[in-house]
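Note sheet for the following structure.
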Ligand SMILES: [Zn+2]
């Protein structure tokens, strides 16, 4: 089918290691990327997740330090692949946490695809959940509503690209299966933040709305994937400097 996946770093956040991987070395901090994955080779370029909106504002609202260099902007990342924001036809969300919704309003020609359950919960969480950015979620509800396409359950997004709902990390969390010529790639979202030991040892991150569902998703990803791609691991840039085909 000739699909290609390129990881792109849209900025970094600093997290306690016990938050990245449940109970791992509490008190130790690490800067982790907020990645997006660009899927090329189909009818239209697809982005999976959208980084964060503004480092200083999010640090103030969430308490987590964030930073973004000049090379980590959406524009700079797309330029490396000869693209502009207007070329992206689909922005697909694994979930709507604040480090995944940042450039939602920067893609004028993109369908914004997300699980209905996730948007519902993001708009009206069960407690004042700092992980949803009210500004980004507000934009999705309006003025970007015309671009939004809600899905209910596992869905084919394009030939060779489909979502599999996992729940776990958030109510409408989904993984993205991409058929590349060399095997099955799975963009796992935040089911695990890092490949090792999160995915390799099937240990969930420090945040889940349903930990059992997260662990089930980790097992499923390991069973079904040849390439497992989390959103918050620098290792993917070292493992796949030329992307995945
Ligand atoms: Zn995240």
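Residue numbers (the numbering used here): 4 to 248. Where a beta carbon is used, it is the ideal one built from N, C-alpha and C, also for glycine.
Legend entry - Opposing strand residues paired with residue 69 [DSSP bridges]: The residue labelled residue 69 in the question sits at position 66 within the chain shown. Residue 69 pairs with 16.
Inset, instruction - Taking only the alpha-carbon atoms, compute the straight-line gap between residue 150 and residue 28 and give it to the nearest angstrom. - result: What you label residue 150 is simply residue 147 of the chain shown in a count that begins at 1. What you label residue 28 is simply residue 25 of the chain shown in a count that begins at 1. Whole-angstrom Cα-Cα distance: 42 Å.
Inset, instruction - Could you check the C-alpha separation between residue 148 and residue 124 for me, to the nearest Å? - result: Reading the chain shown from its first residue, position 145 is the one you call residue 148. Reading the chain shown from its first residue, position 121 is the one you call residue 124. If you take the alpha carbons of residue 148 and residue 124, they lie about 16 Å apart.
Inset, instruction - Tell me, please, whether the CB atom of residue 14 is closer than 7 Å to any CB atom in chain D? - result: Included in the structure is just one protein chain, with no chain D present.
Legend entry - Cβ-based burial, residue 85 [other Cβ within 10 Å; buried from 16]: Counting from one through the chain shown, the residue named residue 85 turns up at place 82. Label assigned to residue 85: exposed.
Legend entry - Reduced DSSP category for residue 142 - H, G, I as helix; E, B as strand; rest coil: Translated into the one-based positions of the chain shown, residue 142 becomes position 139. Reduced to three states, the DSSP call for residue 142 is helix.
Legend entry - Residue nearest to residue 237 in terms of C-alpha spacing, selected from 226, 213, 211, 196: Within the chain shown, the letter at position 234 stands for residue 237. With respect to the C-alpha of residue 237, the residue from 226, 213, 211, 196 having the closest C-alpha is 196.
Inset, instruction - Output the distance between the C-alpha atoms of residue 22 and residue 210, rounded to the nearest integer angstrom. - result: By one-based count along the chain shown, residue 22 stands at place 19. By one-based count along the chain shown, residue 210 stands at place 207. So the alpha carbons of these two residues sit roughly 7 Å apart.
Inset, instruction - Measure the CB-CB distance between residue 181 and residue 188 and report whether it falls below 7 Å. - result: Looking up residue 181 in the chain shown gives position 178. Looking up residue 188 in the chain shown gives position 185. Closer than 7 Å, so yes.
Legend entry - Option nearest residue 245 by Cα separation, candidates 42, 35, 164: Numbered from its first residue, the chain shown carries residue 245 at position 242. With distances taken between Cα atoms, residue 245 lies closest to 42.
Inset, instruction - With a threshold of 6 Å, establish whether the CB of residue 129 neighbours any heavy atom of ligand 1. - result: Sequence index remark: in the chain shown, residue 129 carries index 126 (1-based). Not one heavy atom of ligand 1 falls within 6 Å of the beta-carbon of residue 129.
Inset, instruction - Kindly indicate which three-state DSSP category residue 26 falls into: helix, strand or coil? - result: For the purposes of this step, residue 26 is taken as the residue at position 23 of the chain shown. Per DSSP, reduced to three states, the secondary structure at residue 26 is coil, with no helix or strand assignment.
Legend entry - Distance, residue 224 Cα to residue 6 Cα: Position 3 of the chain shown holds residue 6. Position 221 of the chain shown holds residue 224. Taking the straight line from one Cα to the other gives about 19 Å.
Legend entry - Check: residue 100 C-beta below 6 Å from any heavy atom of ligand 1: Counting from 1 along the chain shown, the entry for residue 100 is found at position 97. Checking every heavy atom of ligand 1 against the Cβ of residue 100, one is found closer than 6 Å.
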